[in-house]
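**Student:** Take a look at the following structure, please.
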Amino acid sequence: MHPALQSFRDTWFFNSRRDILAGITVALALIPEAIAFSIIAGVDPMVGLYASFCIAVTIAFTGGRPGMISAATGAMALLMVTLVADHGLEYLLAATILTGVIQIIAGALKLGRFITFIPHSVMLGFVNALAILIFMAQLPHFEGAGWLMYTMVAATLAIIYGLPRITKAVPSALVAIVIITAVVIFGGWELKTVGDMGQVTRALPLFALPQVAFSLETLLIILPYSLTLAMVGMLESLLTASIVDDMTDTRSDKNKELRGQGIANAIAGCFGGMAGCAMIGQSVINVKSGGRGRLSTLVAGVFLMFLILVLGDIVMRIPMAALVGVMIMVSVGTFDWKSLMDLRKIPAADSIVMVSTVATVVYTHDLAKGVALGVILSAIIFGWRIARLAINDELLDCGSKRYRVQGQMFFATCTDFSETFDVQADPGRVEIDFSGSHVWDHSAVAAIARVITKYSALGKEVVITGLNTESQRLIDRVGLAAPSGH
1 MHPALQSFRD
11 TWFFNSRRDI
21 LAGITVALAL
31 IPEAIAFSII
41 AGVDPMVGLY
51 ASFCIAVTIA
61 FTGGRPGMIS
71 AATGAMALLM
81 VTLVADHGLE
91 YLLAATILTG
101 VIQIIAGALK
111 LGRFITFIPH
121 SVMLGFVNAL
131 AILIFMAQLP
141 HFEGAGWLMY
151 TMVAATLAII
161 YGLPRITKAV
171 PSALVAIVII
181 TAVVIFGGWE
191 LKTVGDMGQV
201 TRALPLFALP
211 QVAFSLETLL
221 IILPYSLTLA
231 MVGMLESLLT
241 ASIVDDMTDT
251 RSDKNKELRG
261 QGIANAIAGC
271 FGGMAGCAMI
281 GQSVINVKSG
291 GRGRLSTLVA
301 GVFLMFLILV
311 LGDIVMRIPM
321 AALVGVMIMV
331 SVGTFDWKSL
341 MDLRKIPAAD
351 SIVMVSTVAT
361 VVYTHDLAKG
371 VALGVILSAI
381 IFGWRIARLA
391 INDELLDCGS
401 KRYRVQGQMF
411 FATCTDFSET
421 FDVQADPGRV
431 EIDFSGSHVW
441 DHSAVAAIAR
451 VITKYSALGK
461 EVVITGLNTE
471 SQRLIDRVGL
481 AAPSGH
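If you want it as structure tokens, here you go:
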């Protein structure tokens with residue numbers, strides 16, 4: 001077989017049956033969420049459905065994380081409310097295209113590597129908070145519902161967790177949706193359905209550029225929204241990619257994922273869809289249903305549109321109880337239960353970061369705020385831990401004095417460094433040994449220069465020794481007020 005064909009097969013068809021079944025399961029779960037997110041954003045349900053179709057199909061080809069599902073999301077929808085209310089749908093579509101352009105640029109600049117700056121405790125907080133939000137989003141479906149709703153949700157969960165004990169040939173979530181739908185329809189029972197979520201139009205998305213003035217004024221209106229959408233979309237996509245990496249024990253190309261998300265959003269905006277990003281809930285459904293390759297994501301998008309165009313009447317009759325049961329399974333499977341047991345074992349600071357991240361996300365329903373708080377807290381705690389400087393002094397036989405600096409020299413330790421030296425009482429020659437230290441920033445260089453200046457004002461000599469290569473290079477570039485030696 002030709003190498004190109006072999007590569008194509010290995011990429012797309014190494015897991016065909018499971019990918020197709022997983023994609024079908026995901027498509028069924030996408031419909032009510034896309035409709036709900038459209039309602040949140042204040043737009044027609046088809047805007048969310050078109051976005052989910054365009055993004056899922058595009059990202060299957062352009063993304064850097066095979067098996068991850070991207071579509072319209074609640075986190076992005078919340079950011080669109082004001083723009084839609086103040087300026088209308090056309091400005092949202094323009095903002096969606098600009099969001100894609102920003103993400104493409106971010107991918108080209110290789111900003112995906114910054115995901116490594118998010119600590120593990122923040123990642124755990126993000127995952128657990130998202131699991132809680134997914135569960136909380138299902139609770140309104142129980143309001144005013146009778147015993148039948150609870151029974152059908154319980155039956156859905158029983159099938160989801162029970163069927164794998166008998167066979168794993170078919171995704172249990174898909175079987176549960178089909179069985180519960182059939183039981184409710186043939187039983188003639190009255191239950192809230194997908195059709196109650198919003199009206200769906202049987203029509204393919206058509207290419208059309210947003211009907212807005214191509215001007216600086218328009219750019220100034222949409223740019224703030226596009227920047228925010230791009231940042232939140234990139235953050236959620238990169239975090240979800242890392243989670244799927246761990247679940248599948250594989251690696252993904254984060255920069256390619258950013259570019260792919262950008263291309264997908266730009267295309268969605270041209271076909272009447274709103275901006276979207278990776279969905280951890282649907283990605284978990286896909287992985288747990290056996291989806292691993294790009295084919296699963298492509299099938300999810302294509303089957304979503306097939307459901308709308310061909311099986312629209314049947315889809316509208318799917319009881320929400322079945323989909324609520326699936327999403328409860330997702331929330332239970334997403335939550336890292338081991339992290340609760342590890343709270344007493346891990347450092348207290350890491351536990352505080354994780355709990356703070358969870359609390360912030362759950363309270364604000366804003367993933368970006370929770371992750372930002374977690375990263376900032378982690379940075380402060382890390383800075384506090386390393387801002388410890390030990391300086392020991394000793395008199396040498398030649399009548400000089402040596403100070404040995406142990407620890408990191410940066411802005412947080414400069415004050416301790418400056419206050420250590422006894423300039424008045426010290427002998428005429430002072431050696432400062434940095435062999436146990438590293439000079440990190442301009443503040444540190446300035447602190448060293450100030451100490452040298454104080455000694456020089458009294459006619460005393462200061463010799464700097466033990467600098468490593470990077471520290472010496474920084475000091476040479478900035479410059480000191482006295483000679484340095486090695």
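For the sequence shown, position 206 (counting from the first letter as 1) is numbered 206 according to the UniProt record's numbering, and the numbering increases by one without interruption.
Note that CB positions come from ideal geometry on N, CA and C, so glycine has one too.
Just so it is clear, the structure is predicted and the values come from calculations on it, not from any experiment.
#1: Between the C-alpha atoms of M231 and K401, what's the straight-line distance to the nearest angstrom?
#2: Here's the rule: buried if 16 or more other CB atoms are within 10 angstroms of the residue's CB, otherwise exposed. What is R18?
#3: State the start and end residues of the unbroken beta strand (DSSP E) segment that holds I115.
#4: Which first and last residues belong to the beta strand (DSSP E) in which N392 is found?
#5: Going along the chain, which residues of its own chain have a beta-carbon closer than 7 Å to the beta-carbon of G48, five neighbours each way excluded?
#6: Spatial neighbours of G428 within its chain, please: CB distance less than 8 Å, with the 5 preceding and 5 following residues excluded, ordered by chain position.
#7: Taking the runs of the beta strand (DSSP E) that are 3 residues or longer, which of them lie wholly in the segment 379-465?
#8: Let me confirm a value: V43 is counted as buried when at least 16 other C-beta atoms fall within 10 Å, else exposed. Which label applies?
#9: Is it buried or exposed, A27, if we count other Cβ atoms within 10 angstroms and call 16 or more buried?
#10: Looking at I180: is its Cβ nearer than 9 Å to the Cβ of A322?
#11: Quick check on the DSSP output: what are the complete alpha helix (DSSP H) runs of length 4 or more inside the segment 347-380, in order along the chain?
#12: Check this for me: beta carbons of M316 and G195, under 9 Å apart or not?
#13: From the DSSP output, in three-state form, read off S237 for me.
#14: Quick one: which unbroken alpha helix (DSSP H) runs of 4-plus residues sit fully inside the segment 270-296? Chain order, please.
#15: Between G333 and A85, what straight-line distance do the alpha-carbon atoms span, to the nearest angstrom?
#16: Nearest-angstrom Cα distance between G67 and P210?
#17: Leaving out five residues on either side along the sequence, give the residues of the same chain with a beta carbon under 7 Å from the beta carbon of A482.
#18: How big is the Cα-Cα spacing for D313 and G23?
#19: Would you please state the rounded distance, in angstroms, between the beta carbons of I134 and V330? I believe it to be under 8 Å.
#20: On a Cα-Cα basis, can you pick out the residue from Y403, I380, W384, F382 that is closest to I391?
#21: Taking three-plus beta-carbon pairs below 8 Å as touching, is the segment 240-253 in contact with the segment 278-287?
#22: If I'm right that L389 touches G407 with Cβ under 8 Å, what's the distance once you round it to whole angstroms?
#23: Pull up the distance between the alpha-carbon of S435 and that of E470, whole angstroms please.
#24: When we look at the beta-carbon of E236 and count the other beta-carbons within 10 Å, is it buried (16 or more) or exposed?
#25: List the residues that DSSP assigns as beta-bridge partners of A71.
#26: Would you kindly report the start and end of the unbroken alpha helix (DSSP H) that includes R18?
#27: So N255 packs on G100, CB below 8 Å; how close in whole Å?
#28: Name the two residues that bound the continuous alpha helix (DSSP H) containing P3.
#29: Where in the segment 44-104 do unbroken runs of the beta strand (DSSP E), each at least 3 residues long, occur, reported from the N-terminal end onward?
#30: At what residues does the alpha helix (DSSP H) containing A169 begin and finish?
#31: Which residues in the same chain have their Cβ closer than 6 Å to the Cβ of I381, if we skip the five residues on either side of it in sequence?
**Tutor:** Once the coordinates are examined:
#1: Translated into positions along the sequence shown, residue 231 becomes position 231. Translated into positions along the sequence shown, residue 401 becomes position 401. Straight-line Cα distance between these residues: approximately 53 Å.
#2: Locating residue 18 in the sequence shown gives position 18, where the first residue counts as 1. Residue environment analysis places R18 among the buried positions, since at least 16 neighbouring C-beta atoms fall within 10 angstroms of its C-beta.
#3: On the sequence shown, residue 115 is found 115 positions in, with the first residue counted as 1. In the DSSP annotation of this structure, I115 is not part of any beta strand (DSSP E), being labelled neither H nor E.
#4: Along the sequence shown, read from residue 1 onward, the residue named residue 392 stands at position 392. Looking at the DSSP string, the run of the beta strand (DSSP E) that includes N392 is 390-395.
#5: Along the sequence shown, read from residue 1 onward, the residue named residue 48 stands at position 48. Closer than 7 Å at Cβ, skipping near neighbours: A34, I35, F37, S38, A72, M274.
#6: Taking the sequence shown and counting its residues from 1, the one referred to as residue 428 is at position 428. G399, S400, G459, K460, E461.
#7: The qualifying runs are 390-395, 401-409, 429-439, 461-465.
#8: As a first step, residue 43 must be located in the sequence shown, where it is residue number 43. Buried, because 16 or more other Cβ atoms sit within 10 Å of the Cβ of V43.
#9: On the sequence shown, residue 27 is found 27 positions in, with the first residue counted as 1. A27 should be labelled buried.
#10: Against the sequence shown, residue 180 aligns to sequence position 180. Against the sequence shown, residue 322 aligns to sequence position 322. Yes, Cβ-Cβ distance for I180 and A322 is below 9 Å.
#11: Listed in chain order, the alpha helix (DSSP H) elements of length 4 or more contained wholly in the segment 347-380 are 348-364.
#12: Stepping through the sequence shown from its first residue, residue 316 is reached at position 316. Stepping through the sequence shown from its first residue, residue 195 is reached at position 195. Yes, the pair counts as a contact, with Cβ atoms nearer than the cut-off.
#13: For this step, residue 237 is matched to residue 237 along the sequence shown. In the three-state scheme derived from DSSP, where H, G and I count as helix and E and B as strand, S237 is classed as helix.
#14: As far as the segment 270-296 is concerned, its whole alpha helix (DSSP H) runs of at least 4 residues are 280-288.
#15: Stepping through the sequence shown from its first residue, residue 333 is reached at position 333. Stepping through the sequence shown from its first residue, residue 85 is reached at position 85. Computed Cα separation, rounded: 36 Å.
#16: Sequence index remark: in the sequence shown, residue 67 carries index 67 (1-based). Sequence index remark: in the sequence shown, residue 210 carries index 210 (1-based). Answer to the nearest angstrom: the Cα atoms are 31 Å apart.
#17: Indexing the sequence shown from 1 puts residue 482 at position 482. Reliability of the predicted coordinates at A482 is poor, the pLDDT of 43 falling under 50, and the value obtained from them is presented with this limitation in mind. Result list for A482: I452, S456, V462, in chain order.
#18: Here residue 313 refers to the residue found at position 313 of the sequence shown. Here residue 23 refers to the residue found at position 23 of the sequence shown. Going from the Cα of D313 to the Cα of G23 covers about 20 Å.
#19: Position 134 of the sequence shown, counted from the start, is the residue given in the question as residue 134. Position 330 of the sequence shown, counted from the start, is the residue given in the question as residue 330. Indeed, because the Cβ distance is near 6 Å, the residues count as touching under 8 Å.
#20: The residue you call residue 391 lines up with position 391 of the sequence shown. Each of Y403, I380, W384, F382 was checked against the Cα of I391, and the nearest Cα belongs to Y403.
#21: Touching, per the Cβ criterion.
#22: Along the sequence shown, one-based indexing puts residue 389 at 389. Along the sequence shown, one-based indexing puts residue 407 at 407. With 8 Å as the limit, L389 and G407 qualify as a contact, their Cβ atoms being about 4 Å apart.
#23: The residue given as residue 435 occupies position 435 in the sequence shown. The residue given as residue 470 occupies position 470 in the sequence shown. Rounded to whole angstroms, S435 to E470 spans 12 Å at the Cα level.
#24: On the sequence shown, position 236 is the one that residue 236 refers to. That one is buried.
#25: Within the sequence shown, residue 71 is the residue found at index 71, counting from 1. Residue pairing from DSSP places A71 in a beta bridge opposite C277.
#26: The residue labelled residue 18 in the question sits at position 18 within the sequence shown. Segment 16-41, the alpha helix (DSSP H) holding R18.
#27: Along the sequence shown, read from residue 1 onward, the residue named residue 255 stands at position 255. Along the sequence shown, read from residue 1 onward, the residue named residue 100 stands at position 100. Not really, about 15 Å apart at Cβ, beyond 8 Å.
#28: Translated into the one-based positions of the sequence shown, residue 3 becomes position 3. Looking at the DSSP string, the run of the alpha helix (DSSP H) that includes P3 is 3-12.
#29: Whole beta strand (DSSP E) segments, 3+ residues: zero.
#30: In the sequence shown, counting from the first residue as 1, residue 169 sits at position 169. First-last for A169: undefined, no H or E at that position.
#31: Locating residue 381 in the sequence shown gives position 381, counting from the first residue. A349.
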